[in-house]
Amino acid sequence: MSAPNPPRRAQDRGLTLLELVAVLSIFAMVAVMGLQALGGMMRARDRITDADEKAAALSRGLVLLRNDLKSVAALAFWPPESIEAEPAFLDQSADEGRLAFSTSGQPVLPDDQAAGQSRVIWRYDREDERLIRQVWPVLRPASEAALAPETVIFDNIASFRVSAYAGPEEGWVAGWGVPGPLPRPNLPDAVDIQFDSDVYGPLRVMVRF
261 MSAPNPPRRA QDRGLTLLEL VAVLSIFAMV AVMGLQALGG MMRARDRITD ADEKAAALSR
321 GLVLLRNDLK SVAALAFWPP ESIEAEPAFL DQSADEGRLA FSTSGQPVLP DDQAAGQSRV
381 IWRYDREDER LIRQVWPVLR PASEAALAPE TVIFDNIASF RVSAYAGPEE GWVAGWGVPG
441 PLPRPNLPDA VDIQFDSDVY GPLRVMVRF
């Protein structure tokens with residue numbers, strides 16, 4: 261006569277269907293929470309990357325504008341087929357959104373005959389709210405073909421203002437280089453450029469000549 265099977269201990273008992281469903285539900289909740297946390301981290305990373313790229317672009321643009329202004333030279337510019345030269349520094353920002361000035365000492369490529377002299381134009385596109393830069397590589401270009409293409413430096417610009425310091429008597433004035441009742445030298449003592457960015461707020465570059 262065979263001996264009866266010994267009773268199973270509680271720890272040897274397998275999971276019931278209800279317990280298995282509960283465990284799987286817990287795993288599913290943990291997995292969903294992990295995916296949500298991962299998605300949040302990826303979105304935060306994308307926002308930080310986008311902010312870093314915008315900050316880098318802003319820094320490059322401000323450095324470029326400052327370097328252009330620091331290279332301003334008292335040299336006239338002769339547009340192609342023109343019988344009159346433009347002043348070394350011409351502020352038409354109030355009407356045309358245009359600021360043009362001659363520069364010297366800018367780095368050039370080897371064997372370039374430009375001698376580092378150029379005509380730099382910064383133009384404010386009010387319709388598209390952009391600040392655009394364009395360069396003539398020489399001060400006496402033979403044709404319009406020498407003019408480099410426009411390059412957008414800043415986007416989402418709400419305003420663009422230029423002031424030039426004319427000395428203690430006149431103070432800060434607009435429209436330097438535009439014909440007026442008072443004779444002025446080729447260059448002001450300093451220039452102050454202010455523009456408002458929809459992203460970064462008021463921005464300002466001031467350079468003394």
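Just so we're aligned: 414 in our numbering is position 154 of the sequence shown, and the numbers increase by one with no gaps anywhere.
Where a beta carbon is used, it is the ideal one built from N, C-alpha and C, also for glycine.
- When the Cα atoms are used, ILE392 and VAL412 turn out to be separated by approximately 4 Å.
- Between the C-alpha atoms of VAL281 and MET293 there is a straight-line separation of about 18 Å.
- GLY299 and ARG386 have their C-alpha atoms some 39 Å from each other.
- Between the region 413-429 and the region 447-458, the count of C-beta pairs closer than 8 Å reaches three or more; the two stretches touch.
- Out of PRO428, ASP312 and LEU324, the CA that lies nearest to the CA of ASP449 is found in PRO428.
- The straight-line gap separating the alpha-carbon atoms of ASP355 and ALA316 is approximately 31 Å.
- Annotation for ALA360: the continuous beta strand (DSSP E) segment containing it runs 358-363.
- Distance between GLU346 and GLU430, taken at the CA atoms: about 23 Å.
- Around the beta-carbon of SER362, 16 or more other beta-carbon atoms lie within 10 Å, marking it buried.
- Residues of the same chain with a CB within less than 7 Å of the CB of LYS330, apart from the 5 flanking positions on each side, are VAL467 in chain order.
- C-alpha of ILE417 to C-alpha of ARG320: approximately 16 Å in a straight line.
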